[in-house]
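Peer 1: One structure follows; several queries about it will come next.
Laid out in structure tokens, this is it:
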């Protein structure tokens, strides 16, 4: 199978997307890989697989690669003798953060009829926004941590016990996130978060909370990863998460009871189906007492959370054969014809 | 000003988008108009303004027009001597239903850095879906009509008094909507709705409810239309709505008290700001007792609800100067550089 890996993008996580994309070389060994880079200026380039290393991008050398145009049916190179389609069976959207996770890439792929692995438009728009994720979870009967939503212009009148955690609603990878131990630190933390977003959510910071990650997808069957208990310090900072995105070695299953595992998996399925069809996502859960709370949805997890699955590549191939199809809409101009008949000409 | 009107699309409302686009010729008299058609197959064509009539599309003649490619910075014609950008100052997204209202066109415009008038991605994804519209309204303190959400696979166990109204969550223009007078009719109405969508909402049908429409936008000031009391029968069927999309004559203000008008306008502003910045939307409200309930958001109303404004064209020009700007993200490869230093080469 020929898998086109779409990476880069105009995103704070542009660089970790490059790391994720390079990691795929080690993970997808049986497939042919076609690398398509989205530059920070959002131009498309076809990158030769043997040239895929981080320096190609940091040096700006990538600009010598073939530019691509996105047109109906796929990506094309343009040459003297017309345009030529770049061959691939499916696009794997590996753009973290803006463009990739907010629904723009999903929109582009759907509009231009390119088969792709990624959350679709609606799933992206909801999961990219931590506030909308709360609405979604609530509507599906999945509990989340309490929160307060604050917009930039709102009064900073927060009634919640400390310590708190302040998060911009729309960014991933801990960017702009602060833990606030006491009231005197709150203003600064909010200023930082509002640098990145016009909306923040504030949640109680639960020290030592048990955290578990569950990744998976639905192909012709449910394909759920092992449940991982991520190592953590207070929380992962950007550089640590960055290194985390190059993981390719399998990890151990968390040591939890069958009933807790079952609860986590049920919550995952509720979130995933049917909104996230066509994607591999990772949900991060907190366990407080015997309650499983959704912390966040990673619609495009670092290196696709490949290290949580026993045969990631085969799963990806099965998924690429089970992508959701857009409803076909036939336009036959019935109404225009009938109006033309009724009144001559519009 | 040169306004590019983007219309058509792969949508059940493709034809009414053509009617809306033709209507703009009568409404935008001072501006230069550039018509860009999105065919049912989602290919772009540049349509000469003098050729803009419904027959061009119903006959398929439009296929002889110049094809366009969407690239970074705008729409381009491709010729012997390279590609040439189609001149325009702003794109007015006039695609009703799928593509235009669901966030795909917004994504395309934002990704390719084209200034455009339309709800942005998030606003589109939320308002295109009647269930998510409920979440949004709730979070903003705007009341809506009670509802039950039902998915295709759910048991049809509806506890609500008749008559009901059944609506697919994702379509506009009354497509797939039924009023259900008694239990024996419910199954058929659900079957019809599920033909169009995997999710429906069911609401009490409030016979004779007072309905008021408020359109508007935020430029350098609030620009609110008159409040209209739409004429209605049980509800407008597709053909009547269709004719409605070609309206260009101003209508009369509804005869309501100042305090009701104030309530409607406050609700409109809560919905609009800041999510819908950059767009002209119409909100349809029900008034029950002294409560104002949001019925639906029309993110791209028929003929842009021009007939509700005293000088639509001047407002459009002011709006085009107040479009929300995407946050600029600088990618400087700091992390890749630091990793390269730390470990040689990734």
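Chains as they are written, first to last, in our numbering: chain L, 24 to 369; chain S, 24 to 369.
For each residue, glycine too, the CB sits at the ideal point set by N, CA and C.
Being a predicted model, the structure only gives us computed values, none of them experimental.
Tell me which residues share the same chain as residue 79 of chain L and place their Cβ nearer than 6 Å to its Cβ, disregarding the 5 neighbours each side in the sequence.
Peer 2: Once the five neighbours on either side are set aside, the close Cβ partners of residue 79 of chain L are 85.
Peer 1: On the DSSP bridge assignment, give the partners of residue 2 of chain S in chain order.
Peer 2: The structure shown does not extend to residue 2 of chain S, since chain S is modelled only from 24 to 369, so the question has no answer here.
Peer 1: Roughly how many angstroms lie between the CA atoms of residue 38 of chain S and residue 359 of chain L, to the nearest whole one?
Peer 2: C-alpha separation (whole angstroms): 7 Å.
Peer 1: Near residue 200 of chain S, what residues of its chain come up, given a Cβ to Cβ distance below 6 Å and the 5 sequence neighbours on each side ignored?
Peer 2: If we look at residue 200 of chain S and ignore the five residues flanking it on each side, its Cβ neighbours are 190.
Peer 1: Could you tell me the distance, in whole angstroms, from the CA atom of residue 110 of chain L to the CA atom of residue 25 of chain L?
Peer 2: About 8 Å.
Peer 1: So, does the stretch 98 to 110 of chain S touch the stretch 299 to 306 of chain S, judging by three or more C-beta pairs under 8 Å?
Peer 2: The stretch 98 to 110 of chain S is not in contact with the stretch 299 to 306 of chain S.
Peer 1: Per DSSP, which residues does residue 14 of chain S bridge with? Please list them.
Peer 2: An answer regarding residue 14 of chain S cannot be provided, because it is not within the stretch 24 to 369 covered by chain S.
Peer 1: So, under 8 Å CB-CB, residue 123 of chain L and residue 34 of chain L are touching, yes? Tell me the CB distance rounded to an integer number of Å.
Peer 2: Rounded, the Cβ-Cβ distance is 7 Å, consistent with contact.
Peer 1: By DSSP's criteria, residue 222 of chain S is part of a beta bridge. Which residues make up the other side?
Peer 2: Bridge partners of residue 222 of chain S: S:174.
Peer 1: Just how far apart, CA to CA, sit residue 148 of chain S and residue 170 of chain L?
Peer 2: Rounded to the nearest angstrom, the two C-alpha atoms are 23 Å apart.
Peer 1: Ignoring anything shorter than 3 residues or poking outside the stretch 72 to 131 of chain S, list the beta strand (DSSP E) runs there in chain order.
Peer 2: List check, beta strand (DSSP E) in window: 89 to 94, 97 to 102, 105 to 108 and 113 to 116.
Peer 1: What residue range is occupied by the uninterrupted alpha helix (DSSP H) comprising residue 50 of chain S?
Peer 2: Its alpha helix (DSSP H) spans residues 37 to 50.
Peer 1: Under 9 Å Cβ-Cβ, which residues of chain L neighbour residue 125 of chain S?
Peer 2: Ordered by position in chain L, the residues that pass the 9 Å Cβ test against residue 125 of chain S are 130, 144 and 145.
Peer 1: Between the stretch 27 to 58 of chain L and chain S, which residues of the former have CB atoms less than 8 Å from a CB of the latter, in chain order?
Peer 2: Cβ contacts with chain S: 33, 34, 35, 37, 38, 39, 41, 42 and 45.
Peer 1: Span of the beta strand (DSSP E) holding residue 190 of chain L?
Peer 2: Residues 187 to 191.
Peer 1: Using Cβ-Cβ distances below 7 Å, what residues of the stretch 88 to 113 of chain S are close to chain L?
Peer 2: Taking 7 Å as the Cβ-Cβ cut-off against chain L, the residues of the stretch 88 to 113 of chain S that qualify are 92, 94 and 95.
Peer 1: Rounded to whole angstroms, what is the Cα-Cα separation between residue 100 of chain S and residue 90 of chain S?
Peer 2: Residue 100 of chain S and residue 90 of chain S: Cα-Cα distance of roughly 7 Å.
Peer 1: Throw me the rounded Cβ distance for the residue 315 of chain L and residue 290 of chain L pair, which I believe falls under 8 Å.
Peer 2: That pair is a contact at about 5 Å.
Peer 1: What's the call for residue 253 of chain L, buried or exposed, on a 16-neighbour Cβ count within 10 Å?
Peer 2: Exposed: under 16 other Cβ atoms inside 10 Å.
Peer 1: Given 8 Å as the limit, is there contact between the stretch 62 to 82 of chain L and the stretch 153 to 164 of chain L, that is, 3 or more CB pairs closer than that?
Peer 2: They do not touch, by the three-pair rule.
Peer 1: Could you check what DSSP says for residue 152 of chain S in three-state terms: helix, strand or coil?
Peer 2: Three-state result, residue 152 of chain S: coil.
Peer 1: Within the continuous alpha helix (DSSP H) that includes residue 405 of chain L, where are the two ends?
Peer 2: In this structure chain L extends from 24 to 369, so residue 405 of chain L is not present and cannot be described.
Peer 1: Any Cβ of chain L within less than 8 Å of the Cβ of residue 150 of chain S?
Peer 2: No, residue 150 of chain S lies away from the interface with chain L (no Cβ there is under 8 Å from its Cβ).
Peer 1: To the nearest angstrom, report how far apart residue 363 of chain L and residue 82 of chain S are at their CA atoms.
Peer 2: Roughly 12 Å between the two C-alpha positions.
Peer 1: List, in order along the chain, the chain L residues whose C-beta lies closer than 8 Å to that of residue 396 of chain S?
Peer 2: Residue 396 of chain S lies beyond the range of chain S shown here (24 to 369); nothing can be said about it.
Peer 1: For residue 321 of chain S, list the residues DSSP reports as bridge partners.
Peer 2: Per DSSP, S:305.
Peer 1: To be precise: take each residue of the stretch 341 to 359 of chain S, compare its Cβ to all Cβ atoms of chain L, and keep it if any distance is under 7 Å. Which residues remain?
Peer 2: Result list: 352, 354, 356, 358 and 359.
Peer 1: Evaluate contact between the stretch 312 to 327 of chain S and the stretch 156 to 169 of chain S, counting only Cβ atoms and requiring at least three cross-stretch pairs below 8 Å.
Peer 2: Enough Cβ pairs lie closer than 8 Å, so yes.
Peer 1: Got a sec, what are the start and stop residues for the alpha helix (DSSP H) residue 248 of chain S sits in?
Peer 2: From DSSP, residue 248 of chain S is part of no alpha helix (DSSP H) but of the beta strand (DSSP E) over 245 to 251.
Peer 1: Note down, in chain order, each residue of its chain lying with its Cβ closer than 6 Å to the Cβ of residue 237 of chain L, except the 5 sequence neighbours on either side.
Peer 2: Cβ neighbours of residue 237 of chain L beyond the five flanking positions: 250, 287, 291 and 306.
Peer 1: When you compare the stretch 229 to 246 of chain L with the stretch 209 to 217 of chain L, are there three or more beta-carbon pairs, one atom per stretch, that lie closer than 8 Å?
Peer 2: No, they do not touch.
Peer 1: Alpha carbon to alpha carbon, how far is residue 325 of chain L from residue 227 of chain S?
Peer 2: C-alpha separation (whole angstroms): 45 Å.
Peer 1: DSSP three-state call for residue 5 of chain L: helix, strand or coil?
Peer 2: Limits of chain L in this structure are 24 at one end and 369 at the other, which puts residue 5 of chain L out of reach.
Peer 1: Could you check whether the Cβ of residue 271 of chain S sits closer than 8 Å to any Cβ belonging to chain L?
Peer 2: With 8 Å as the cut-off, residue 271 of chain S does not count as an interface residue toward chain L.
Peer 1: Can you name the residues that DSSP bridges to residue 239 of chain L?
Peer 2: Answer by DSSP bridge pairing, in chain order: L:247 and L:304.
Peer 1: For residue 65 of chain L and chain S, any beta-carbon pair shorter than 8 Å?
Peer 2: With 8 Å as the cut-off, residue 65 of chain L counts as an interface residue toward chain S.
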